[in-house]
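Mind the numbering: the sequence shown is residues 13 to 322 in the numbering used here, read in order. Virtual Cβ for every residue (Gly too), placed ideally from N, Cα, C. Since this is a predicted model, take the numbers as computed values, not measurements. So the structure is just underneath, and the comments pick up after that.
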Amino acid sequence: MDSDARRTGWPLVSLAAMLWASDLVLRPKAQAAGISSIQIVLFEHLALAVIFIPFLALRRAEWTGLSFKNWLGILFIAVFGSALATIMLTEAYRLGSPLLTILLQKVQPVVAVALAGVALKEKRKPLFWPLFVLALVATYLLAFGFAGIESAFESPQLASILLALGAATIWGTCTVVGRAAIKDLSPPVMAGWRFIIALPFLVLANFGVPAPTGAHVSVDGLWPIALIVLLPDALGMTLYYLGLKRTPASLAALAELAFPVTALVLGLISSPSTLQIGQWVGLVLLLACLQAIQATKSVEQEPTLAPQAG
13 MDSDARRTGW
23 PLVSLAAMLW
33 ASDLVLRPKA
43 QAAGISSIQI
53 VLFEHLALAV
63 IFIPFLALRR
73 AEWTGLSFKN
83 WLGILFIAVF
93 GSALATIMLT
103 EAYRLGSPLL
113 TILLQKVQPV
123 VAVALAGVAL
133 KEKRKPLFWP
143 LFVLALVATY
153 LLAFGFAGIE
163 SAFESPQLAS
173 ILLALGAATI
183 WGTCTVVGRA
193 AIKDLSPPVM
203 AGWRFIIALP
213 FLVLANFGVP
223 APTGAHVSVD
233 GLWPIALIVL
243 LPDALGMTLY
253 YLGLKRTPAS
263 LAALAELAFP
273 VTALVLGLIS
283 SPSTLQIGQW
293 VGLVLLLACL
303 QAIQATKSVE
313 QEPTLAPQAG
């Protein structure tokens with residue numbers, strides 16, 4: 013593919029990033045209708061499993077010869093990344109600021125790159141590690157602003173922040189597991205299996221969770237879930253990987269800035285909560301660190317990570 017063709021996919025990457033940001037509006041709407049975080053993720057996975065089953069059937073030659081190690085990797089990603097982390101993200105929306113929750117997901121690639129350097133022995137230039145430390149400082153500022161450690165632990169949003177960071181850490185770890193164990197699977201096949209394998213665990217987790225009260229509440233909560241499946245999940249994932257094939261990594265990183273920008277716009281419109289000055293500083297610093305890691309080529313082979321919600 014020539015250099016010009018390699019630059020035609022960035023609008024798709026940018027549009028996918030904008031669709032991912034819609035998650036911060038849609039999940040809280042389903043929760044407001046009385047559907048629990050676990051139930052939202054369960055319904056989401058049921059729909060996505062149905063959508064991706066045809067891809068698995070068409071590409072069965074791709075996965076029929078997988079090794080035990082491959083299946084262990086898929087199991088890890090399905091249980092922890094697809095089920096647990098998505099529940100954590102959804103619950104973080106409920107307990108705190110949806111805007112802050114989704115912006116904290118920008119930590120995912122930082123975690124993935126750092127873990128890949130340690131676990132996979134990928135080469136990192138010396139400049140990467142100071143940028144990594146600076147990204148950690150930026151993450152703290154984004155989460156708590158200029159508050160001290162004691163004030164941070166007393167923050168009313170502490171549980172939400174920890175859940176959001178926990179989800180980001182799990183998804184970053186799943187990127188490394190995917191690189192190590194199942195790097196030869198195409199994105200549709202990987203997605204299909206993680207949605208299907210996560211289902212039994214989500215069904216078990218759903219036991220004991222009270223059902224939504226009233227049929228009208230269920231209907232009110234199902235349309236946001238349907239939009240989650242169609243927009244940030246299925247369409248966002250498809251556009252992202254189609255665009256990534258025709259976009260250099262450096263240009264894709266810039267196109268993905270549409271994610272925090274759209275999240276900011278949607279968050280400020282849909283929620284009364286805003287970011288404090290210290291949190292704005294943290295957000296700008298975190299985005300600058302991500303761009304600096306890319307621009308200075310501090311990573312020889314950077315894990316590409318689409319937000320893993322769903």
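So residue i and residue j are in contact, right, with Cβ under 8 angstroms, and what is the actual spacing, rounded?
i	j	result
A90	G255	Contact doesn't hold; Cβ gap of about 25 angstroms is too wide.
L38	L239	5 angstroms
A104	L211	Their Cβ separation, rounded to whole angstroms, is 22 angstroms, which puts A104 and L211 out of contact at 8 angstroms.
F140	V122	Their Cβ separation, rounded to whole angstroms, is 10 angstroms, which puts F140 and V122 out of contact at 8 angstroms.
I52	R206	That pair is no contact at about 17 angstroms.
I182	G108	Wrong, their Cβ atoms sit about 18 angstroms apart, outside the cutoff.
P236	A42	4 angstroms
L116	L278	Rounded, the Cβ-Cβ distance is 15 angstroms, inconsistent with contact.
E74	S163	About 51 angstroms; that fails the 8 angstroms criterion.
A217	S26	Wrong, their Cβ atoms sit about 35 angstroms apart, outside the cutoff.
F67	G204	5 angstroms
S49	R106	6 angstroms
M100	L170	That pair is no contact at about 14 angstroms.
Would you kindly report the start and end of the unbroken alpha helix (DSSP H) that includes residue i?
i	result
L31	W22 to A33
E162	I161 to F165
F213	P199 to N218
Q120	Q120 to A131
A45	From DSSP, A45 is part of no alpha helix (DSSP H); its letter is neither H nor E.
T185	L170 to A193
What's the C-alpha gap between residue i and residue j?
i	j	result
H228	V188	For H228, the predicted model reports a pLDDT of 48, less than 50, meaning its position is unreliable; a value from the coordinates is still stated below. Distance between the alpha carbons of H228 and V188 is about 42 angstroms.
L31	I114	13 angstroms
L58	I208	8 angstroms
L154	A69	43 angstroms
G157	L295	10 angstroms
L111	L214	26 angstroms
G226	S262	For G226, the pLDDT reaches just 47, beneath the cut-off of 50, and the residue's location in the model is therefore unreliable, although a value from the coordinates is still provided. Using only the alpha carbons, I get a separation of about 49 angstroms.
K195	Q303	25 angstroms
C301	L146	7 angstroms
I305	A150	14 angstroms
L148	T102	23 angstroms
P191	T185	Strictly speaking, residue 191 in this sequence is Arg, with Pro absent from that position. Straight-line Cα distance between these residues: approximately 10 angstroms.
A307	G21	19 angstroms
A95	A179	10 angstroms
K309	R258	20 angstroms
S283	L234	21 angstroms
A246	K137	36 angstroms
I281	A275	10 angstroms
G77	L297	45 angstroms
K118	A265	12 angstroms
Q120	G129	14 angstroms
F64	L243	15 angstroms
L251	W292	29 angstroms
F219	P23	42 angstroms
A131	A124	10 angstroms
P272	G248	15 angstroms
F88	F165	31 angstroms
Segments of 3+ residues assigned as beta strand (DSSP E) that fall wholly inside the region 50-109: none
Scan the region 245-279 and note each continuous alpha helix (DSSP H) run of 4 residues or more that stays entirely inside, going in chain order. 248-256 and 261-267
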